[in-house]
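**Q** Taken in sequence, the protein lines are chains A and B. Under numbering that gives the first Met the number 0, the first residue of the first sequence carries the number 0, and numbering increases by one thereafter. Under numbering that gives the first Met the number 0, the first residue of the second sequence carries the number 0, and numbering increases by one thereafter. Quick reminder that beta carbons are idealized off the backbone N, C-alpha and C, glycines included. Pasting in a structure now, in structure tokens, and then I'll have a few things to ask.
Number of protein chains: 2
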Amino acid sequence: MQPKGQQLIGQDAFFATGAAIHAINPATGEQLDPGYASGSSAEVERACGLAESASLEFRTLSPQLRAEFLDTIADQIEAIGDELIERGMLESGLPRARLEGERGRTCGQLRLFASVVRAGEWLDVRIDPALPERKPLPRVDLRQQHIALGPVVVFGASNFPLAFSVAGGDTASALAAGCPVIVKAHSAHPGTSELVGRAVQAAAKQCKMPEGVFSLLFGSGNDIGQALVSDPRVKAVGFTGSRRGGMALMATAQARPQPIPVYAEMSSINPVYLLPEALETRSQALAEGFIGSLAMGAGQFCTSPGLVIAVRSQALDDFVSAASKAITAVAAQTMLTPGIHSAYQQGVKALSENAGVRSLGNGVESEAPNQCQAALFTTSAEAFINDHNLQDEVFGSSSVVIECDDMAQLKRVTEKLEGQLTATIQMEEADTEQARSLLPTLEEKAGRILVNGWPTGVEVCHAMVHGGPFPATSDSRSTSVGSSAIHRFLRPVCYQNLPQALLPEALRDGNPLKVSQLVDGKRIV
Amino acid sequence: MQPKGQQLIGQDAFFATGAAIHAINPATGEQLDPGYASGSSAEVERACGLAESASLEFRTLSPQLRAEFLDTIADQIEAIGDELIERGMLESGLPRARLEGERGRTCGQLRLFASVVRAGEWLDVRIDPALPERKPLPRVDLRQQHIALGPVVVFGASNFPLAFSVAGGDTASALAAGCPVIVKAHSAHPGTSELVGRAVQAAAKQCKMPEGVFSLLFGSGNDIGQALVSDPRVKAVGFTGSRRGGMALMATAQARPQPIPVYAEMSSINPVYLLPEALETRSQALAEGFIGSLAMGAGQFCTSPGLVIAVRSQALDDFVSAASKAITAVAAQTMLTPGIHSAYQQGVKALSENAGVRSLGNGVESEAPNQCQAALFTTSAEAFINDHNLQDEVFGSSSVVIECDDMAQLKRVTEKLEGQLTATIQMEEADTEQARSLLPTLEEKAGRILVNGWPTGVEVCHAMVHGGPFPATSDSRSTSVGSSAIHRFLRPVCYQNLPQALLPEALRDGNPLKVSQLVDGKRIV
Chain A
0 MQPKGQQLIG
10 QDAFFATGAA
20 IHAINPATGE
30 QLDPGYASGS
40 SAEVERACGL
50 AESASLEFRT
60 LSPQLRAEFL
70 DTIADQIEAI
80 GDELIERGML
90 ESGLPRARLE
100 GERGRTCGQL
110 RLFASVVRAG
120 EWLDVRIDPA
130 LPERKPLPRV
140 DLRQQHIALG
150 PVVVFGASNF
160 PLAFSVAGGD
170 TASALAAGCP
180 VIVKAHSAHP
190 GTSELVGRAV
200 QAAAKQCKMP
210 EGVFSLLFGS
220 GNDIGQALVS
230 DPRVKAVGFT
240 GSRRGGMALM
250 ATAQARPQPI
260 PVYAEMSSIN
270 PVYLLPEALE
280 TRSQALAEGF
290 IGSLAMGAGQ
300 FCTSPGLVIA
310 VRSQALDDFV
320 SAASKAITAV
330 AAQTMLTPGI
340 HSAYQQGVKA
350 LSENAGVRSL
360 GNGVESEAPN
370 QCQAALFTTS
380 AEAFINDHNL
390 QDEVFGSSSV
400 VIECDDMAQL
410 KRVTEKLEGQ
420 LTATIQMEEA
430 DTEQARSLLP
440 TLEEKAGRIL
450 VNGWPTGVEV
460 CHAMVHGGPF
470 PATSDSRSTS
480 VGSSAIHRFL
490 RPVCYQNLPQ
500 ALLPEALRDG
510 NPLKVSQLVD
520 GKRIV
Chain B
0 MQPKGQQLIG
10 QDAFFATGAA
20 IHAINPATGE
30 QLDPGYASGS
40 SAEVERACGL
50 AESASLEFRT
60 LSPQLRAEFL
70 DTIADQIEAI
80 GDELIERGML
90 ESGLPRARLE
100 GERGRTCGQL
110 RLFASVVRAG
120 EWLDVRIDPA
130 LPERKPLPRV
140 DLRQQHIALG
150 PVVVFGASNF
160 PLAFSVAGGD
170 TASALAAGCP
180 VIVKAHSAHP
190 GTSELVGRAV
200 QAAAKQCKMP
210 EGVFSLLFGS
220 GNDIGQALVS
230 DPRVKAVGFT
240 GSRRGGMALM
250 ATAQARPQPI
260 PVYAEMSSIN
270 PVYLLPEALE
280 TRSQALAEGF
290 IGSLAMGAGQ
300 FCTSPGLVIA
310 VRSQALDDFV
320 SAASKAITAV
330 AAQTMLTPGI
340 HSAYQQGVKA
350 LSENAGVRSL
360 GNGVESEAPN
370 QCQAALFTTS
380 AEAFINDHNL
390 QDEVFGSSSV
400 VIECDDMAQL
410 KRVTEKLEGQ
420 LTATIQMEEA
430 DTEQARSLLP
440 TLEEKAGRIL
450 VNGWPTGVEV
460 CHAMVHGGPF
470 PATSDSRSTS
480 VGSSAIHRFL
490 RPVCYQNLPQ
500 ALLPEALRDG
510 NPLKVSQLVD
520 GKRIV
């Protein structure tokens, strides 16, 4: 299957008529065919209308059928075969192994959500049976479940053309919740998007889903995206991208006559703390691990370690010189888009020109287009505390080591941090008390706290939190990775005194769906 | 104990220095002493500073100790004795029995949240154990729990001077979650607020809570409230009141450098559907039940039935004439404040002057100050669909009967409705199919669906949802009544590969807190 340059609305595929978008092969700078004529308000209207009309049937589908749909999407993506990987490589500059791994993750994620839908925890079933004899007033029968919010708009991210894009985590969790999804494709990988979109479309057909459960629109600029977020039929938004882009969507969503939630994952610099004994014991290994994490995928991860924080010591000097040396061996890597490359260069330039910052070293340079040359800097805690610009995310393999005078200053740096997706502690047993004193602040700053690992590598599981306080995300009460992500697209409804025949199946006597329940506040499995 | 006119910050009680607020006895119009000198930015600063400093200790307190605090608040409120009821009657015009009932509900609610804190479901513990042998990559140990968001600002509501005010549902659920609370007292019942605030203060002292876990500020106008919502140390807001008030807080919260969630419960007209067979069988009883619900508490409930929707028939005519007759017997009742009374009169006047609306009758008139004279109107479905003003909440005992030509038109009316706290269906078995066809739309419009009851009367339990799509609330994903309300003030944190000594107690091996867990996606009790 080769991409054709078509928009997908329900089971239809067609050429729109606006200005054409072309992907750029970032490794060569060449323009890739086919072009994708931008959609217009007519396509927004059609996709939203179909999504709304599909909404009721889809959200009230039996969990079994919705799970099958998710499983089938995974099957259909795998069935595309190598053409998907090749197209992804052309459009993203990412290596084959990375995209094959990402495809595995994407399909695994869809199947995880299928199992989540079947297990039924997401329904959050609560039953408070009637107490007709209660004094002074009897209690009527009250039951609660969660239902889908309605149509969701998902913005594909550039840095995971499969796992955070057309059939990525946002789409999988929204579909799992029972929400129709309209994806606004990222213009950096339209062909990859179309191929995956056709797989979802085929799965919808195969599973006899109501038409409109999925659509995929292409458009240049922000017009289509803003129109989608403004449409009254859309009930929530999932986004992964820049802080500016996320905040623009938040503003649009709040300005609607009926405001809606926006789940925007935006900006994080992911501090790594090197505690004294860990530095003392393994400064060389830490330097290698750190540079490995920083170099991975040209640092184009939301969880790339953009900040290293430690107290000055001989061992820290050893770490710094080992890291400065290790970074010189980091090969140049093709970045995802010319825009990301240019933003990276600007970010690195701003750090280089900052009087409070000193360069520690760079990776290998390259003359090829859009190459990321890794960069490592250092600054004092004082300078970091006084210069908010040093908290700006530089998306790519750039990081800053902050040298603190003592633990008290290290804590002041921590308190100054904005919200983060992750915070990492490198420690030995002798560092336990220092780690313990840091933890409460880290809990308030980050969605995930790691010990003796590196923040890159986000496990898709039930306990994962890929989220965190603003600006890491727009809503710290949620995660965009892992099974908890389904809760973003659900809301509770209470049913008071409904006859059995009218109750949703999950709430009926005898627990026909065999889901865990909270009965009178007690958990029954 | 008599109120003194003091602000409460932490364990301090003192007189502020701004312009004085006096409660008005709405039954007489007379001004009540003491006056409450308005607080200023200095008090906001002090309360927020103390709340922040209390935050860590309070959120990491053992569930047992936090539960004791909640129980002790209930004990202390009861210990105030009759002076609380008498002060509440003076300030609100509400009758003794209602306030005694409300005190019972308030204390019951605090004790419910104590039991919720002890049970630990709110922690949402998830454990994905390490899989060191997994291929191609091992999985590290990942655990998740929920933690408190941080200091919460609560705005007391005028219509429940106990249950939705200083120690009402928002405060109880925020404290249960581990969030320090700063209450902005409602200026309609400052004395009642101070008495309850002193009870919370005494409980905090008795239970040795960190100072700042609770403060109570008084202030006229919006200055104090806006300053509290703008303060960077505040992490969430609970509000019950007008649509305009709620939306102003939402705008302030979104405009902060770090936006925060606002849980505003604002506006709902609570449609009641009378299905044909129910009308046929019991039009007289329905009329009496409806007028009883409408008249209760002068209609000053968020869930007062402001809309009755039915298909034209002889039985509907019978209902209408019975309701028109029953309303003439509704005694005038003192409304909560001159402001609410004046808004009610304006709302009723607007309906009276609306060309598409016809008056069906009124309750007993009274010359006494601030009296609610019940009012019943009727209009056609066509008129309702075409005039959005008819969806404006008229807070008080006013309701509109919408007569529809057929079920199809009744459904169009339903689709036009804004978000609601409740939707009620009056039905007999023969109405089942019609009810079934209505239900999906009602699920999308309302937080609670009732059959054969009346929406006034909100049970405080585990399955309750007192929430709903905008403008019923600012966030349909939550409830402000019932044990689920605790989730508004929590966020998930993931702990990756933490040594046992550093893990929060709830996540340690052996489940020391004995809470239910999701282990590898499976529920373990």
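Does chain A have any CB closer than 7 angstroms to the CB of ASP127/B?
**A** Taking Cβ atoms only, chain A reaches closer than 7 angstroms to ASP127/B, which makes this a yes.
**Q** Please classify ASN269/B as buried or exposed, where buried requires at least 16 neighbouring CB atoms within 10 angstroms.
**A** Looking at its Cβ environment, which holds 16 or more other Cβ atoms inside 10 Å, ASN269/B is buried.
**Q** Determine, using beta carbons only, whether LEU422/B comes closer than 7 angstroms to chain A.
**A** Reading off the sequence shown, one finds Ala at residue 422/B, where the question assumed Leu. So no, ALA422/B is outside the interface.
**Q** Count Cβ pairs between the region 99-118 of chain B and the region 138-153 of chain B that sit closer than 8 angstroms; are there 3 or more?
**A** Contact fails: fewer than three Cβ-Cβ distances are below 8 angstroms.
**Q** Between the alpha carbons of CYS47/B and HIS185/A, how many angstroms are there, rounded?
**A** The alpha-carbon atoms of CYS47/B and HIS185/A are separated by roughly 42 angstroms.
**Q** Cβ atoms of ASN496/A and ASP140/A: under 7 angstroms apart, would you say?
**A** Yes, Cβ-Cβ distance for ASP140/A and ASN496/A is below 7 angstroms.
**Q** Only counting the same chain, and skipping five residues up and downstream in sequence, which positions put a Cβ closer than 6 angstroms to that of GLY346/A?
**A** Closer than 6 angstroms at the Cβ level, and outside the excluded window around GLY346/A, lie VAL393.
**Q** Restricting to Cα atoms, I'd like to know which of PRO2/B, THR378/B and ILE290/B is closest to PRO189/B.
**A** Nearest option by C-alpha distance: PRO2/B.
**Q** Does the distance from the C-beta atom of GLY168/A to that of GLN108/A stay below 7 angstroms?
**A** The answer is yes: Cβ separation under 7 angstroms.
**Q** In the DSSP assignment, what are the bridge partners of ASN269/B?
**A** Answer is none; ASN269/B lacks a bridge partner.
**Q** Kindly list the residues whose CB is nearer than 6 angstroms to the CB of ALA429/A, restricted to its own chain and excluding five residues on each side of it in sequence; keep chain order.
**A** GLU276.
**Q** Look at the alpha carbon of ILE126/A and the alpha carbon of VAL165/A, and state the distance between them as a whole number of angstroms.
**A** Rounded to the nearest angstrom, the two C-alpha atoms are 37 angstroms apart.
**Q** Please classify GLN30/A as buried or exposed, where buried requires at least 16 neighbouring CB atoms within 10 angstroms.
**A** It counts as exposed.
**Q** What does MET463/A reach in chain B if we use C-beta pairs closer than 7 angstroms?
**A** Those are LEU141 and CYS493, listed as they occur along chain B.
**Q** Out of LEU60/A, PHE488/A, ARG490/A and HIS461/A, which has the shortest C-alpha to C-alpha gap to CYS493/B?
**A** The option with the nearest alpha carbon to CYS493/B is HIS461/A.
**Q** Does the beta-carbon of LEU449/A have 16 or more other beta-carbons within 10 angstroms, so that it is buried, or is it exposed?
**A** Buried.
**Q** Using a Cβ-Cβ cut-off of 6 angstroms (strictly less than) and excluding sequence neighbours within five positions of GLY4/A, which residues of its own chain qualify?
**A** Closer than 6 angstroms at the Cβ level, and outside the excluded window around GLY4/A, lie PRO33, GLY34 and TYR35.
**Q** For LEU502/A, I'd like the list of residues in its chain whose CB is within less than 8 angstroms of its CB, leaving aside the five on either flank, ordered along the chain.
**A** Excluding sequence neighbours, LEU502/A sits near ARG142 and TYR494.
**Q** Pull up the distance between the alpha-carbon of VAL518/A and that of ALA15/A, whole angstroms please.
**A** Between VAL518/A and ALA15/A, the C-alpha separation is close to 53 angstroms.
**Q** Output, in sequence order along the chain, the residues in the region 210-242 of chain A whose CB is closer than 8 angstroms to any CB in chain B.
**A** Cβ contacts with chain B come from no residue of the region 210-242 of chain A.
**Q** List the residues of chain A whose Cβ lies closer than 8 angstroms to the Cβ of GLY149/B, in chain order.
**A** The contacting residues are GLU443.
**Q** Decide yes or no for the touch test of the region 171-181 of chain B against the region 74-89 of chain B: beta carbon pairs closer than 8 angstroms, at least 3 of them.
**A** Short answer: they don't touch.
**Q** Would a check of beta-carbon distances place LEU359/B closer than 7 angstroms to chain A?
**A** Chain A, which has no Cβ nearer than 7 angstroms to the Cβ of LEU359/B, makes this no.
**Q** With three or more beta-carbon pairs closer than 8 angstroms as the criterion, would you say the region 452-466 of chain A touches the region 331-340 of chain A?
**A** Too few Cβ pairs lie closer than 8 angstroms, so no.
**Q** Determine the extent of the beta strand (DSSP E) in which ALA394/B is found, giving its start and end residues.
**A** Correcting the residue type first, residue 394/B is Phe in the shown sequence and not Ala. PHE394/B -> no beta strand (DSSP E), and no H or E assigned at all.
**Q** Can you name the residues of chain B whose CB is closer than 7 angstroms to the CB of ASN451/A?
**A** Under the 7 angstroms cutoff, chain B gives ASN496.
**Q** Could you pull out every residue in the same chain whose Cβ sits closer than 8 angstroms to the Cβ of LEU512/B, ignoring the five residues on either side in sequence?
**A** Result list for LEU512/B: PRO62, GLY119, LEU122, GLU504 and ALA505, in chain order.
**Q** Which residue wins for smallest C-alpha separation from GLU381/A, given the options SER54/A, GLN408/A and LEU89/A?
**A** Among SER54/A, GLN408/A and LEU89/A, the Cα nearest to that of GLU381/A is on GLN408/A.
**Q** Taking all protein chains shown into account, decide if LYS521/B is buried (16 or more other Cβ within 10 angstroms of its Cβ) or exposed.
**A** Exposed, since its Cβ has fewer than 16 Cβ neighbours within 10 Å.
**Q** Among the residues of its own chain, which have a CB less than 7 angstroms from the CB of GLU51/B, if the five just before and after it don't count?
**A** Cβ neighbours of GLU51/B beyond the five flanking positions: PRO150 and ARG232.
**Q** Once DSSP output is grouped into helix, strand and coil, what is the label at ASN361/B?
**A** Residue state, collapsed to three classes: strand.
**Q** Kindly provide the ranges of any beta strand (DSSP E) runs that are 3 or more residues long and lie completely inside the region 382-461 of chain A, ordered along the chain.
**A** Runs found: 397-403, 419-425 and 445-450.
**Q** What residues in its chain sit with their C-beta under 7 angstroms from that of PRO470/A, if we drop five residues either side in the sequence?
**A** Result list for PRO470/A: ARG242, MET265, SER266, GLU417 and GLY418, in chain order.
**Q** Please name the residues in the region 456-484 of chain B whose beta-carbon is closer than 9 angstroms to at least one beta-carbon of chain A, in chain order.
**A** The region 456-484 of chain B vs chain A, Cβ under 9 angstroms: GLY456, GLU458, CYS460, HIS461, ALA462, MET463, VAL464, HIS465, GLY466, GLY467, PRO468, PHE469, PRO470, SER473, ASP474, SER475, ARG476, SER477, THR478, GLY481, SER482 and SER483.
**Q** Under 7 angstroms Cβ to Cβ from MET295/B, same chain only, skipping five residues before and after it: list those, please.
**A** These residues qualify, in order along the chain: THR455.
**Q** Please list, in chain order, the residues of the region 371-393 of chain A that have any C-beta partner in chain B closer than 7 angstroms.
**A** Listed by position, the residues of the region 371-393 of chain A near chain B (Cβ gap below 7 angstroms) amount to none.
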